[in-house]
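**Student:**
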Amino acid sequence: MTTTQTQTTGALGGAPAGGARELDALDVLEAESIHIIREVVAEFERPVLLFSGGKDSVVVLHLAAKAFWPGKVPFPVLHVDTGHNFPEVIRFRDETVEKFGLKLEVASVQDYIDDGRLRERADGTRNPLQTQPLLDAIAAGRHDAVFGGARRDEDKARAKERILSLRDEFGQWDPRNQRPELWELYNGRHTPGQHVRAFPISNWTELDVWRYIEREGIDLPPLYYAHERDVYRRDGMWRAVSPVSEPRDDEAVERRTVRYRTVGDMSCTGAVESDAADVTAVVVEVAASTLTERGATRADDRISEAAMEDRKKDGYF
Amino acid sequence: MTTIFRFATAGSVDDGKSTLVGRLLHDSKAILADQLEQVERTSADRGFGQGAIDFALLTDGLRAEREQGITIDVAYRYFSTGRRSFILADCPGHVQYTRNMVTGATTADAVVLLIDARNGVLEQTRRHLSVVRLLRVPNVIVAVNKIDLIGFDEGAYREVERATAELVEGLGLPPAHIIPVSALEGDNVVERSERTPWYEGPALLELLESLPTVDEAESELDPFRLSVQLVLRPQGGLSHTVENPDEFVDYRAAAGRIASGTVRVGDRVTVFPGGATTTVTGIDAGPVALEEAIAPQSVALRLADDIDTARGAVIVAEGTLPTPRREIDAELFWLDRRGVREGARVLVKAGTTTVQARLDRIHGRRDLDTLELVPATALEINDIGEANIRLAGELALDDYARQRRAGAFLVIDPQDGATLAAGIVVTRDPAVATQQVGLYAGANI
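See below:
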């Protein structure tokens, strides 16, 4: 099981040139993901990639860039903007879109709240509010396939998700009536009004994602790495002080060295204390972690055991 | 360096499969503190004793499953050791077990089948093994579970072992790896147990770390084959990573995933349709130019001659193109609630091609106890049967027994797009059929 490489141009990463080598776990995962991305582009009219600037969607974009090299990525990206973003993530999003020469579509939760189509929730979290703007944006863009960076190791409901997942006109996921997924033959046929969610990195774990980011030299928003920040403790997590996540009177603000394991809505994403200032240190930290990334950093997934399942059924990603 | 190993778990109701999966994840440290805490809390709510864990809760993902204490659909789990990263397809055993088993087994390097040591071989064991046999999963592991409940008794275990080995041999499977385990207490799951001194084989995890993958056992040895997904021709603009755009004005490459074998720059290849032969002038994996690539890599092939390699084309090592067919005999695993009758119009998706097709004749339905064909003109959900299918266009299919990825296809409903069946191309000639069993056995070291 060996391959020989002669040269690399480096800009899209890749294992070192020269010499014979075996295929390791990352090589096999990468091959599977590129195969899925190419299948979807070949069989659908108007695919789009959900792109938040988070590490998983950044990895999918990197894989797409490799899949279609030397051409550019042949589909636009869609950001469901909760209005509660980390400014450095929005900056990263815009720089990335510019660098890759992509078209950016934005579905704004804030617009929906401003004109009354959605109401702010009592707990202030906007993650559950993303579904309607997302579905409207899919319909407006006439997208028949929507790539996402979801992984099956993230959550028990996602463990049952297919790589190609059929959604009805309401965007609903029916876990009890999924298509069997056989060999590497993906069935993306759908009727008008239906669309397909495609998850090319379904089989990757958080650690695989970080090892791949390290191997390929992929850029991420800086808040994934250790930095100093004003934070306060809530629900066992460190929350950033910001206009959308103000501490209450009984919550003391401290300056701590933290990093984010996930990057979501600022109002419900927590940081972890960490000294991991570069990707190599993060790989070591993730490998030794005793908490899942969602358990450690997502307040919304702690609401109930079935939180993710309920959001997915309603058309969430 | 770690490699990937995919396996499926299957078993009858109440044989403790969820417990085994939970135990594997827990003992290999794949369960993190917050997940364990959640499970401990729910276990306590359910009346489990102090500190005791219902391992099944680690794998039951959906609300209905937790409420009813059952598993609805195939769930995927991930864990790793220093040697391998594992992808586990957990296939429920009670409802639609053939459908779930087929889904899990088509991508599996191994199947772990559970048997309750107290009950021995059941009807469902036989059926699961039949599916494994027909889909040619390269490695079969039988975990004889609840060995603690028979007092770690060697005599009783040997009896189950003998019956299992006999069944496996009778079905024409390669010898199975049979292990006495207690999922509940952890014996022989991750480490060898001192309570089964009469068992000299490896623990389950040791075995999973050492068995060959499908690609190691078969695909790498087979001739090169790739189904073209699409042609890369950068008309919409070049990647920002390209430094010398002039070099790519005439760039054209056939992109796809290598189904089997090895391809090197300079190799002669034959292209279907048309049968023209040309030379590989370049192998690109993104911006990295390779001298050589192997299954299951995703690559883009540059060819010396301007041959039509649109989506659906198949590129193979020179002289190894299977005879293109418009008619195939196939084993069908019927997976849809709506059954099928002779004459049905369907779509067949194989590799990267989808064609219209008609089920001209159903040769029969398999009796899953004997694997013999019983006369039938219709197939219902969970039936396995043989049929003759007429295709609207020629396909370069091969026998599944010769090359998995070249002989597998989906049967799709032309109206609503549902996946109706999993199909594999077979040869009905008895002489060749016997030879296939030999090949299957030979592929397993």
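Line by line, the protein sequences are chains A and B. Using my numbering, the first residue of the first sequence is number 7, and each one after it goes up by one. Using my numbering, the first residue of the second sequence is number 8, and each one after it goes up by one. Think of the CB as a built atom: it goes at the ideal place given N, C-alpha and C, for glycine as much as any other residue. The structure displayed is predicted, hence computed values, not measured ones.
Buried or exposed, going by whether 16 or more other CB atoms sit within 10 Å of the CB of ALA145(A)?
**Tutor:** exposed
**Student:** Just to confirm before moving on: does the CB-CB distance between HIS90(A) and MET243(A) stay below 9 Å?
**Tutor:** no
**Student:** Three-state secondary structure (DSSP) at LEU135(A)?
**Tutor:** helix
**Student:** Do LEU141(B) and GLU338(B) have their C-beta atoms closer together than 9 Å?
**Tutor:** Cβ distance < 9 Å, so LEU141(B) and GLU338(B) count as in contact.
**Student:** Closer than 6 Å by C-beta to LYS24(B): which residues in its own chain qualify, once you throw out the five before and the five after it? Chain order, please.
**Tutor:** THR16, GLY18, LEU121
**Student:** Does DSSP classify GLU349(B) as helix, strand or coil?
**Tutor:** Coil at GLU349(B), not helix or strand.
**Student:** Just list the residues that DSSP pairs LEU375(B) with in beta bridges.
**Tutor:** None; LEU375(B) has no bridge partner.
**Student:** Please report whether the beta-carbon of ARG158(A) lies at a distance below 9 Å from any beta-carbon of chain B.
**Tutor:** yes
**Student:** Does ARG264(B) come out as helix, strand or coil in the three-state DSSP assignment?
**Tutor:** strand
**Student:** Using a Cβ-Cβ cut-off of less than 7 Å, list which residues of the segment 80 to 105 of chain B approach chain A; keep chain order.
**Tutor:** Residues ASP80, ALA82, TYR83, ARG84, TYR85, SER92, ILE94.
**Student:** Please confirm whether THR285(B) and ASP312(B) have their CB atoms less than 9 Å apart.
**Tutor:** yes
**Student:** Could you give the residue range of the beta strand (DSSP E) that holds GLU235(B)?
**Tutor:** According to the sequence provided, residue 235(B) is Val. The question's Glu does not apply to it. Looking at the DSSP string, VAL235(B) is not in any beta strand (DSSP E), and its letter there is neither H nor E.
**Student:** Please identify, using Cβ separations under 8 Å, the residues of the segment 97 to 113 of chain A that lie next to chain B, in order along the chain.
**Tutor:** LYS105, PHE106, GLY107
**Student:** ALA143(A) touches chain B at which residues, Cβ-Cβ below 9 Å?
**Tutor:** The contacting residues do not exist; ALA143(A) stays about 22 Å from chain B at best.
**Student:** Show which residues of chain B have a CB atom less than 9 Å away from the CB atom of ILE119(A).
**Tutor:** Within 9 Å Cβ-Cβ: nothing; ILE119(A) doesn't reach chain B, min ~29 Å.
**Student:** Consider the Cβ of THR197(A): report whether some Cβ of chain B lies at a distance smaller than 9 Å.
**Tutor:** yes
**Student:** In whole angstroms, give me the CA-to-CA distance for PRO187(B) and GLY326(B).
**Tutor:** 48 Å
**Student:** Are the beta-carbon atoms belonging to GLU299(A) and ARG261(A) less than 9 Å from one another?
**Tutor:** no
**Student:** Quick one: Cα of ILE322(B) to Cα of ASP229(B), how far?
**Tutor:** So the alpha carbons of these two residues sit roughly 14 Å apart.
**Student:** Whose Cβ in chain A lies nearer than 8 Å to the Cβ of ARG134(B)?
**Tutor:** Within chain A, no C-beta atom comes less than 8 Å from the C-beta of ARG134(B); the nearest is roughly 17 Å away.
**Student:** LEU226(A) to VAL295(B), Cα distance in whole Å?
**Tutor:** 22 Å
**Student:** Which residue spans inside the segment 86 to 155 of chain A form an unbroken beta strand (DSSP E) run of at least 3?
**Tutor:** 110 to 114, 151 to 153
**Student:** Please name the residue in VAL167(B), ALA190(B), ARG202(B) whose C-alpha comes closest to that of PHE62(B).
**Tutor:** If you compare the alpha carbons of VAL167(B), ALA190(B), ARG202(B) with that of PHE62(B), the shortest gap goes to ALA190(B).
**Student:** With 9 Å as the threshold, decide whether the Cβ of VAL288(A) is near any Cβ in chain B.
**Tutor:** no
**Student:** Can you give me the start and stop residues for the beta strand (DSSP E) that PHE308(B) sits inside?
**Tutor:** The sequence given here has Leu at residue 308(B), not Phe. Here the beta strand (DSSP E) through LEU308(B) covers 305 to 310.
**Student:** Which chain A residues are close to HIS247(B), counting only those with a beta carbon under 9 Å from its beta carbon?
**Tutor:** ALA17, ALA71, LYS78, LYS105, PHE106, GLY107
**Student:** How big is the Cα-Cα spacing for VAL259(A) and GLY276(A)?
**Tutor:** 14 Å
**Student:** Express the C-alpha separation of GLN45(B) and ILE309(A) in angstroms, rounding to a whole number.
**Tutor:** Because the pLDDT of ILE309(A) is 46, which lies under 50, any placement of that residue in the model is unreliable, and the number read from its coordinates should be weighed accordingly. If you take the alpha carbons of ILE309(A) and GLN45(B), they lie about 12 Å apart.
**Student:** Considering just the uninterrupted stretch of the alpha helix (DSSP H) at TYR454(B), what are its terminal residues?
**Tutor:** This structure gives no information on residue 454(B), because the portion of chain B shown stretches from 8 to 452.
**Student:** Among residues of its own chain, excluding the 5 on either side of PRO382(B), which ones have a beta-carbon nearer than 6 Å to its beta-carbon?
**Tutor:** GLY371
**Student:** Using a Cβ-Cβ cutoff of less than 7 Å, which residues in the same chain neighbour ASP5(B) once the five nearest sequence positions on both sides are dropped?
**Tutor:** Here chain B covers residues 8 to 452 and nothing more, so residue 5(B) does not appear.
**Student:** Which term fits MET8(B), buried or exposed, when burial requires 16 or more other beta carbons within 10 angstroms of its beta carbon?
**Tutor:** exposed
**Student:** I need the boundaries of the alpha helix (DSSP H) containing LEU136(B), first residue and last residue.
**Tutor:** 130 to 141
**Student:** Would LEU239(B) and PHE74(A) qualify as a contact pair, given that the criterion is a beta-carbon distance under 9 Å?
**Tutor:** yes
**Student:** Quick one: what's got a C-beta closer than 7 Å to LEU386(B)'s C-beta in the same chain, skipping five residues either side?
**Tutor:** LEU339, TRP341, GLY346, VAL347, ILE369, ARG372, GLY392
**Student:** Looking at C-alpha atoms only, which residue of ARG168(A), LEU191(A), GLU190(A) is the closest neighbour of ASP180(A)?
**Tutor:** Scanning ARG168(A), LEU191(A), GLU190(A) for the CA closest to the CA of ASP180(A) turns up ARG168(A).
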